[in-house]
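Novice:
Number of protein chains: 2
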Amino acid sequence: MEKSYQSSPLGQEISCVIGNIKKEILLNTEALILELKKILEQEGFKILDIASHKFTPQGFTVFALLGESHATIHTYPEYSSCYFSIYSCRGPTDAEKTFEKIKNYLGSEKIIFLNKNLIPVKK
Amino acid sequence: MEKSYQSSPLGQEISCVIGNIKKEILLNTEALILELKKILEQEGFKILDIASHKFTPQGFTVFALLGESHATIHTYPEYSSCYFSIYSCRGPTDAEKTFEKIKNYLGSEKIIFLNKNLIPVKK
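Here the protein sequences come in this chain order: L and C. Using the numbering used here, the first residue of the first sequence is number 1, and each one after it goes up by one. Using the numbering used here, the first residue of the second sequence is number 1001, and each one after it goes up by one.
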């Protein structure tokens, strides 16, 4: 018998570039991974896998594969900035709180949204 | 001596939901991973890590961590659709060809763009 699971038809993607971040926050990549994990868990996301990479001489990428899709950060210390994105297929405003918490951790209000509050219809 | 590396100030993110995809394409997850890897390599991206997960009873996620940022696919067989996104920090039109090749492989022109041709300025 085929199971009748159907995911939510609505999800949310937020992606942005955040500037004016203190260098010590961007360069402490271990703390950045721990903070991302903590925030995702607080928001009820199931972390299936975490992958990260430190670039030479600088820059860092972390990616979290979620039961509800994904979240990722790419840092650019040379610009005091990072890219952040989260996509959740759980519901239409599901990524908001995670974005707010990441922004608060990074300590900056200089944000260029690439995509926010657009609701993908999967059909 | 500190090295003077500076990444491109411009990048490109394309993210979309693609519908009307044949079930056999969405369900052949091994082929989907191979195709994503092949296309990324053809486009000169350096794949640092690949993570994937099959959901029960259906649905599949694959994520490629790139030297130039990331690409990801989440499938929704129950809607005959998938989410695709690529972010490249290499340049302002750098993700176009990868998107076109993925679209051709999936065999559908029913696309809802969440974000396309927006150029993040890292500064």
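Using N, Cα and C, we set each Cβ at its ideal position, and we do this for glycine too.
Would you say Ser-69(L) lies against chain C (beta-carbon separation less than 8 Å)?
Specialist: yes
Novice: Taking CB distances under 8 Å as the criterion, tell me whether Glu-41(L) reaches chain C.
Specialist: Output row for Glu-41(L): interface = no.
Novice: Going along chain C in order, which residues have a C-beta closer than 9 Å to the C-beta of Thr-98(L)?
Specialist: The premise fails here: Thr-98(L) is roughly 17 Å from chain C at the closest Cβ pair, so nothing lies under 9 Å.
Novice: Could you check whether the Cβ of Phe-1084(C) sits closer than 8 Å to any Cβ belonging to chain L?
Specialist: no
Novice: For Ile-21(L), does the three-state DSSP call read helix, strand or coil?
Specialist: coil
Novice: Quick one: does Ala-1051(C) have its CB under 8 Å from some CB of chain L?
Specialist: yes
Novice: Keeping to the same chain, check which residues put their C-beta closer than 6 Å to that of Leu-1026(C); ignore five residues upstream and five downstream.
Specialist: Thr-1075, Pro-1077
Novice: Would you say the stretch 84–94 of chain L touches the stretch 6–26 of chain L, given that touching needs at least three Cβ pairs under 8 Å?
Specialist: yes
Novice: Round the Cβ separation of Ser-1108(C) and Asn-1020(C) to the nearest angstrom and send it over; I've been treating them as touching at under 8 Å.
Specialist: 5 Å
Novice: Would Glu-1078(C) count as contacting chain L if we go by Cβ distances under 8 Å?
Specialist: yes
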